[in-house]
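Heads up, the thing below is written out as structure tokens.
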DNA sequence: CCGCATGTTTGCAGTGTCTGCACGTTTCTG
DNA sequence: CAGAAACGTGCAGACACTGCAAACATGCGG
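Residue numbers (the numbering used here), protein chains in the order written: chain A, 5 to 203; chain B, 5 to 203.
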């Protein structure tokens, strides 16, 4: 399972850079942290930093573009008999459980990102890539097209809306709330067509 | 109505910079346009560029942060008897009509933004500011809270999802489709709880 | 255990973004 | 028609990011 030494070292360096960036920004704020600082704390040269992340912001967010397709794959793996919303909802719950299982990194990530609009934008970019992949899978499953029909893109966009909202409420609860439950609650509201509350 | 000369000049300069940025990026691509180029075409010094836009990307997108609160204000102005979804939907249709009324700028903007992921992120930032303002108004109207309840943030996020999807389909139709109709169609799907199509 | 092929790290030089500061010019107010 | 306030501009400098070429580490066949 453990690939060669080379591969393990690369993963370690990547994680070291991400954690260094995250901690430094949490301490001093985004604009008071330079790439040189991050590289120094991670123990590599400044030039090496850019072998791992294309921008400073990406290192702070620390999400692989590869992860963007994960949700879409999970949806594709679900039984074709399920309606799209059901499949997406189930896949999302799995994903929420994964996130909640990492109680060190994710809360810090969310706090730091929330405090800096520039990072929020970067995170949105990852979400959008994920959305596109999801829309494609939904189109497949529902026999629609991503470019002309509203359904796939809309379902993917709403999925992202539910996830973002849940993550934000998780943050607001200081990570005491149960993330999957927040996701579920969001989907219940959507499934009901967003009726006025306390009605 | 026309404010003083000073104010009019500022608006003109701002627009000139935005249009210069938009055209140049459409011609050459984002990375082959420098701030100096944009300033030169707009007829101001490079230093002045930064008196109007904090970054190059912002000049291309060209949206005032002030506009972020417009939708929220429009919702606040609607009769309190309307359910939140109805009020938001109506305000959004007005906004879509406004956008469709600018058949020069918006299509070019959308094409250019769509072609450059970095700009998409910038546009997302504007949407998010708008979302926050909208969530606050929805919370007011529905007697809920933005930090603990799911409803306001979720409605705001779904609104953004509907708008983004509609804009993207408008682009995909080469701007031949009717934007307000696309918005309507999106809301119909959401109101029905996103049922599987062709059902 | 050696040495070559390949992938990784690093330094260096250069371009471009963006900021603070100081100064001259234009618009506004009375 | 002043004096105040706002605006435009040049300059110097910090920082982000890239291409290139030279060290360096690792994996692999002998």
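Cβ coordinates follow ideal geometry from the N, Cα and C atoms, glycine included.
Could you work out which residue in 84/B, 71/B, 37/B is closest to residue 134/B when comparing CA atoms only?
Here residue 134/B is taken as the residue at index 130 of the second chain, counted from 1. Comparing Cα-Cα distances from residue 134/B to each of 84/B, 71/B, 37/B, the minimum goes to 71/B.
Excluding five sequence neighbours on each side, which residues of the same chain lie with their C-beta closer than 7 Å to the C-beta of residue 50/B?
Locating residue 50/B in the second chain gives position 46, counting from the first residue. Contacts found: 39, 40, 43.
Buried or exposed for residue 32/A, going by 16 or more other Cβ atoms inside 10 Å?
Translated into positions along the first chain, residue 32/A becomes position 28. Result: exposed.
I want to check one thing, is the minimum distance from the CB of residue 201/A to the heavy atoms of the ligand ADP below 7 Å?
Questions concerning the ligand ADP fall outside what the structure shown contains, since it holds no ligand whatsoever.
In whole angstroms, what is the alpha-carbon distance linking residue 182/B and residue 109/B?
Counting from 1 along the second chain, the entry for residue 182/B is found at position 178. Counting from 1 along the second chain, the entry for residue 109/B is found at position 105. Those two C-alpha atoms are separated by around 16 Å.
Tell me which same chain residues have a C-beta within less than 8 Å of the C-beta of residue 69/A, skipping the five on either side of it?
Within the first chain, numbered from 1, the residue matching residue 69/A stands at position 65. Around residue 69/A: 130, 133.
Start and end residues, alpha helix (DSSP H) containing residue 190/A
Sequence index remark: in the first chain, residue 190/A carries index 186 (1-based). That run of the alpha helix (DSSP H) goes 183-195.
Using the three-state DSSP reduction, which class does residue 151/B fall into: helix, strand or coil?
Locating residue 151/B in the second chain gives position 147, where the first residue counts as 1. Here residue 151/B sits in coil by DSSP.
Per DSSP, what kind of secondary structure is residue 199/B in: helix, strand or coil?
Taking the first residue of the second chain as position 1, residue 199/B is located at position 195. Of the three classes helix, strand and coil, the one that applies to residue 199/B here is coil, per DSSP.
Which same chain residues, not among the five before or five after residue 30/B, have their C-beta less than 6 Å away from its C-beta?
Translated into positions along the second chain, residue 30/B becomes position 26. 116.
Is the shortest distance between the beta-carbon of residue 173/B and the beta-carbons of chain A less than 8 Å?
Mapped onto the second chain, residue 173/B falls at position 169. Under the Cβ criterion of 8 Å, residue 173/B is counted among the residues facing chain A.
Whether residue 113/A touches residue 26/A by CB criterion (8 Å):
One-based indexing of the first chain puts residue 113/A at position 109. One-based indexing of the first chain puts residue 26/A at position 22. A contact, by the Cβ cut-off of 8 Å.
Would you report the Cα separation of residue 10/A and residue 105/A, rounded to the nearest angstrom?
On the first chain, position 6 is the one that residue 10/A refers to. On the first chain, position 101 is the one that residue 105/A refers to. Taking the straight line from one Cα to the other gives about 27 Å.
Taking the beta carbon of residue 163/B as the centre, do at least 16 other beta carbons fall within 10 Å, making it buried, or is it exposed?
The residue labelled residue 163/B in the question sits at position 159 within the second chain. When all chains shown are included, residue 163/B counts as buried.
Closest Cβ-Cβ distance between residue 184/B and chain A: below 8 Å?
Against the second chain, residue 184/B aligns to sequence position 180. No, no contact with chain A.
Checking 8 Å against the spacing of the C-beta atoms, do residue 184/A and residue 75/A come in under that value?
For the purposes of this step, residue 184/A is taken as residue 180 along the first chain, with counting starting at 1. For the purposes of this step, residue 75/A is taken as residue 71 along the first chain, with counting starting at 1. For residue 184/A and residue 75/A, no; Cβs fall outside 8 Å.
At a Cβ threshold of 8 Å, is residue 5/B touching chain A?
What you label residue 5/B is simply residue 1 of the second chain in a count that begins at 1. The predicted position of residue 5/B is uncertain, since its pLDDT is 48 and thus under 50; a value taken from the coordinates is nonetheless stated next. With 8 Å as the cut-off, residue 5/B does not count as an interface residue toward chain A.
Is residue 84/B helix, strand or coil by DSSP?
In the second chain, counting from the first residue as 1, residue 84/B sits at position 80. Three-state DSSP puts residue 84/B in coil, outside helix and strand.
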